[in-house]
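The opening position of the sequence shown corresponds to residue 12 in our numbering, with each subsequent residue numbered one higher.
Reading through the structure tokens given below for one structure.
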Amino acid sequence: MTVHFHIHYFTQPGQEIALCGNTLPTGDGNLLTAPAMYHIGEGHWELDLEHEPCEDLIYQYLVREGDRILRREWGRPRHLSLPPDATTVRVSDFWQPEPENALMASSAFSDSLLTVPDAGQALSYEGGHLIINVFAPQVRPSMRVGVSGDTNLLGHWDPSHAVSMLPGEYPEWRVSLDTATLPPVFHYKFVLIDRSTGQVVAWEWGEPRVIHLHSNLPHVLQVETGLTCHYQEAPWRGAGLAIPVFSLRSERSWGCGDFGDLLRLVDWVADTDQQIIQLLPINDTTSKGTWEDSYPYNAVSVHALHPIYLAPADLPPLKDTAMQDGFTAEGQRLNTLSELDYEAAWQLKSAYIEALFEQEKEKDGLLFSDEYLAFAREHQDWLDPYAAYAYLRDSQSSPDPSTWGPYKQGSTGLVTELCDTRQPWHNTIQRHRFTQYLLHKQLKQVRDYAHTKGVVLKGDIPIGVHRHSVEAWYQPELFNPSVQVGAPPDSFSPTGQNWGFPSYNWARMAQDDYDWWKRRFTHMALYMDAFRIDHILGFFRIWEIPEHAVRGLLGQFNPAMPYSPQELEAMGCPDANELTVARFNLKTLNTLFGHNISRAMAFVKKDKPGLYVLKTAFNTQQRIKAHLCKHPADVDLQEGLFSLCEEVLFLHDANQPDRLHPRINGMNSHRFSELTSDQQAVYRHLHDAFFYHRHNDFWKEQALTKLTPLVQASRMLACGEDLGMIPECVPEVMNRLHILSLEIQRMPKRMGVRFENLNAIPYLSVCTTSTHDLAPLRAWWSEDPEATAHYYRQMLWKPGVTPTECTPEIAREILAQHLASPAMWVILPWQDWMAVDALLRNPNPGTERINQPSNPRHYWRYRMHLTLETLMESEPLKVTIRELIRRSGRS
């Protein structure tokens with residue numbers, strides 16, 4: 012048969028449009044050898060191909076110049092059936108640019124929120140027919156798309172006789188019309204039809220469309236595709252909750268929330284008209300086997316799930332009933348604790364998993380199932396390195412690969428050797444694989460169940476990985492372990508944050524188009540339909556702290572454009588090098604140490620007249636920490652000595668030592684106060700120029716280069732955590748890539764504003780009352796009475812004395828205010844949803860905070876004070892939440 016393709020699209024001279032498909036005539040997937048189309052003028056391109064009948068020709072258009080691919084169409088490839096009864100197929104296409112509502116094509120909508128009941132119906136492609144295919148996102152499940160027009164077949168514009176279309180792969184709708192019943196030229200429009208009544212409820216806007224039939228002969232098939240339905244629809248808005256998995260509690264938990272509890276949470280969320288559950292990271296963090304592993308952002312694997320989230324109640328019981336009863340009893344005991352006892356819960360789960368493995372490794376056990384074997388094969392690329400790493404970590408009694416002797420450097424060959432079935436430790440390797448299989452199966456079940464309930468799971472992708480992670484051991488070329496990743500000073504910590512993660516070798520990652528990152532995203536898409544990029548600012552520039560530092564103030568952005576000596580001299584700062592050495596006078600020492608100054612003097616020595624420096628043995632924060640680690644009571648002394656290390660105004664660039672970075676917030680140092688007023692003005696200017704203006708275009712290009720392939724790697728809905736020191740270019744990049752921002756009323760992004768005006772936040776955002784790094788609503792209310800009073804008067808418009816506690820009535824009003832915002836999503840901490848109910852909320856709000864960012868050794872152990880079973884039985888609370896959501900138009 013002859014297949015005739017036509018598309019209208021303007022290109023530049025020297026460029027051509029090519030059609031690339033999955034068959035030999037269409038290039039067999041090769042973008043460079045795909046057949047070029049012929050330009051017939053005025054932006055019209057055509058291509059005739061001789062092709063055999065084909066059930067599913069998958070193709071896409073692209074713009075090519077020589078051997079360079081300049082751009083490709085947005086979205087998924089097109090599908091076309093070439094029936095055997097047709098001798099001619101005429102395809103009229105429209106180029107698919109990225110639409111403004113591109114995120115409506117994410118799996119959050121296609122697989123859950125807007126899933127059409129009868130999606131994916133087969134459409135018959137036959138000669139003598141016209142196929143119309145239209146892109147129509149945001150069609151509610153209660154609606155269907157139809158066609159009305161000026162022909163008998165299409166009802167002569169009578170909406171009661173509109174022809175219903177069939178839903179294809181979301182968000183496409185299709186219809187097949189017999190060309191024998193159609194005139195050579197006709198006009199039509201798309202309509203929305205209510206499924207329950209059959210009535211047309213909306214017409215698309217704009218002039219009627221027109222189709223010119225090339226033939227009505229029975230051997231000719233005509234296809235109109237690439238169309239977009241233009242109809243007015245209010246922006247989609249939803250609501251949900253945020254809670255870590257470990258915080259969940261049910262009557263079946265074993266002292267820690269698990270994936271079985273998450274399954275039960277889906278029911279409560281759906282029952283309260285919420286549509287999304289936002290989680291903290293759920294990857295394995297097992298390093299020391301102590302409570303310090305409770306930090307969910309310090310993953311030892313970016314693929315492996317944490318075994319502590321396995322739900323024993325949903326697994327086959329142990330055949331040894333006495334052993335099973337013992338495990339269950341201990342799990343129930345741990346479940347009575349108000350907080351997570353991480354070490355006890357981890358030891359219990361580990362022992363149970365080992366017992367279950369010993370049972371299931373026998374003949375006819377789960378270890379011999381086709382499902383397990385398929386999982387192990389499909390995920391071998393990350394599963395085997397993880398299993399080998401976990402074996403070495405435990406057998407060597409250390410998480411640090413540098414102590415593993417001949418195994419200190421991972422490689423493909425070493426992993427193959429360690430995972431060989433003949434090794435005496437092979438059972439241990441198998442146990443780690445088996446554990447991941449069980450976790451995968453349980454979490455996949457949660458996601459599939461959530462889809463049936465119209466609920467989305469939202470994951471969290473940390474910016475960093477553990478310094479001694481699988482990836483740092485197995486793929487060290489991707490990392491820069493000589494620095495530590497953190498964050499500059501912000502409202503969470505005036506001295507910055509040091510997370511301890513290794514930085515990334517972005518240049519090496521770029522060589523394979525960030526494949527490591529893309530595999531992270533595609534793996535998460537197995538379980539999640541939305542994700543939050545933790546510290547998205549790190550993709551613009553990342554805060555790197557030298558190994559010798561403990562706090563974040565001595566960090567510098569990478570990549571960056573540090574000042575050259577010539578620039579600094581031209582800006583009025585010729586002696587900048589002098590300001591890279593930490594010098595201080597007696598006044599500074601008295602200010603920092605007060606009555607403790609005599610002890611501090613043991614750490615310093617005289618330098619220039621009237622000035623001191625730290626002694627060589629104590630001239631870095633790590634050296635000070637190592638010396639004082641035996642004296643934990645000397646916290647004030649240690650913090651003061653740390654501050655002395657930070658008494659600099661410039662830092663040498665890590666890669667170009669002759670170039671300098673201003674020390675972040677150098678104006679707050681004692682060294683700055685000793686400058687003349689003219690020198691202070693110069694320093695302020697070059698500091699602010701460096702951090703707020705100099706890098707805008709540079710960091711924009713850096714972010715677009717990295718983030719574009721990552722967000723395109725999966726169909727998940729992309730959200731970013733863009734809090735902190737935000738470059739001016741961040742909103743532009745996030746908008747261009749359809750990444751939702753994070754908006755918090757008490758953390759406004761505008762200068763000089765105390766609380767954000769929620770009516771002014773962008774639609775492409777997630778709005779919330781607080782995050783895991785902040786105090787929940789009720790605890791915040793009592794933190795700062797002056798701030799609370801301002802909020803009470805100015806944001807809630809209340810007269811009189813500010814209440815000392817956040818009452819249920821106040822909580823409802825605050826939540827209603829957030830829900831009324833234009834944000835696409837309002838995702839509130841579970842604790843803040845509970846604040847609206849006087850009977851069910853936690854009697855002690857001070858225990859509800861999840862994390863203290865200023866404390867790098869915080870114990871992450873918060874658990875909900877009620878069981879999920881109690882929540883399901885609490886009708887008044889469910890009614891209150893449903894009413895709040897429905898009144899806001901988010902139902």
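The C-beta atom is built at its ideal place from N, Cα and C for all residues, glycine as well.
Taking buried to mean at least 16 other C-beta atoms within 10 Å of its own C-beta, is residue i buried or exposed?
i, result
"residue 553", "buried"
"residue 51", "exposed"
"residue 49", "exposed"
"residue 423", "exposed"
"residue 396", "buried"
"residue 41", "exposed"
"residue 171", "exposed"
"residue 390", "buried"
"residue 722", "buried"
"residue 786", "buried"
"residue 491", "buried"
"residue 521", "exposed"
"residue 21", "exposed"
"residue 774", "exposed"
"residue 266", "buried"
"residue 669", "exposed"
"residue 258", "buried"
Assuming residue i is part of the beta strand (DSSP E), what are its boundary residues?
i, result
"residue 200", "196-205"
"residue 616", "615-617"
"residue 512", "508-515"
"residue 704", "First-last for residue 704: undefined, no H or E at that position."
"residue 289", "287-289"
"residue 441", "Looking at the DSSP string, residue 441 is not in any beta strand (DSSP E); the run it does join, the alpha helix (DSSP H), is 437-463."
"residue 104", "99-105"
"residue 140", "140-146"
"residue 656", "Careful: residue 656 lies outside any beta strand (DSSP E), inside the alpha helix (DSSP H) at 646-656."
"residue 79", "79-83"
Output needed for residue i: all residues of its chain with C-beta closer than 7 Å, excluding positions within five of it in sequence on either side, in chain order.
i, result
"residue 262", "878 and 880"
"residue 476", "310, 313, 482, 483 and 512"
"residue 784", "503, 862 and 864"
"residue 663", "591 and 671"
"residue 734", "753 and 758"
Report the partner residues of residue i according to the DSSP bridge assignment.
i, result
"residue 154", "205"
"residue 675", "Note: residue 675 sits in no beta bridge, so no partner."
"residue 335", "Bridge partners of residue 335: none, in fact."
"residue 32", "70"
"residue 496", "512 and 555"
"residue 65", "93"
"residue 471", "543"
"residue 178", "184"
Spatial neighbours of residue i within its chain, please: C-beta separation below 8 Å, excluding the five flanking residues on both sides.
i, result
"residue 701", "574, 672 and 673"
"residue 900", "245 and 248"
"residue 695", "678"
"residue 131", "178, 179 and 180"
Between which two residues does the alpha helix (DSSP H) holding residue i run?
i, result
"residue 780", "Unbroken run through residue 780: none, as it is neither H nor E."
"residue 189", "Per DSSP, residue 189 belongs to no alpha helix (DSSP H); it is in the beta strand (DSSP E), 183-189."
"residue 424", "423-429"
"residue 896", "886-898"
"residue 309", "Looking at the DSSP string, residue 309 is not in any alpha helix (DSSP H), and its letter there is neither H nor E."
"residue 729", "Residue 729 -> not in any alpha helix (DSSP H); beta strand (DSSP E) instead, spanning 728-731."
Within its chain, find whatever has a CB closer than 6 Å to the CB of residue i; leave out the 5 residues flanking it on each side and keep chain order.
i, result
"residue 582", "697"
"residue 896", "250, 284 and 902"
Original post:
When the Cβ atoms of the segment 511-528 are set against those of the segment 608-625, are three or more pairs found closer than 8 Å?
Top reply: no
Original post:
Should the segment 281-291 be regarded as contacting the segment 250-267, the criterion being three or more beta carbon pairs within less than 8 Å?
Top reply: yes
Original post:
Would you call the segment 338-347 and the segment 410-418 in contact, with 3 or more CB pairs under 8 Å?
Top reply: no
Original post:
Three or more beta-carbon pairs under 8 Å between the segment 841-858 and the segment 814-822, yes or no?
Top reply: yes
Original post:
Using 8 Å as the Cβ pair cut-off and three pairs as the minimum, do the segment 86-101 and the segment 228-243 touch?
Top reply: yes
Subject >> Validate contact between the segment 287-303 and the segment 324-339 using beta carbons, cut 8 Å, 3 pairs >> reply: no
Original post:
Does the segment 269-281 touch the segment 352-359, meaning 3 or more C-beta pairs lie closer than 8 Å?
Top reply: no
**OP:** Count the C-beta pairs between the segment 643-657 and the segment 540-548 that are closer than 8 Å, then say yes if the count reaches three, no if not.
**Re:** no
Original post:
Is the segment 154-163 touching the segment 103-121 in the sense that three or more CB pairs, one from each, lie closer than 8 Å?
Top reply: no
Original post:
Should the segment 202-218 be regarded as contacting the segment 73-89, the criterion being three or more beta carbon pairs within less than 8 Å?
Top reply: no
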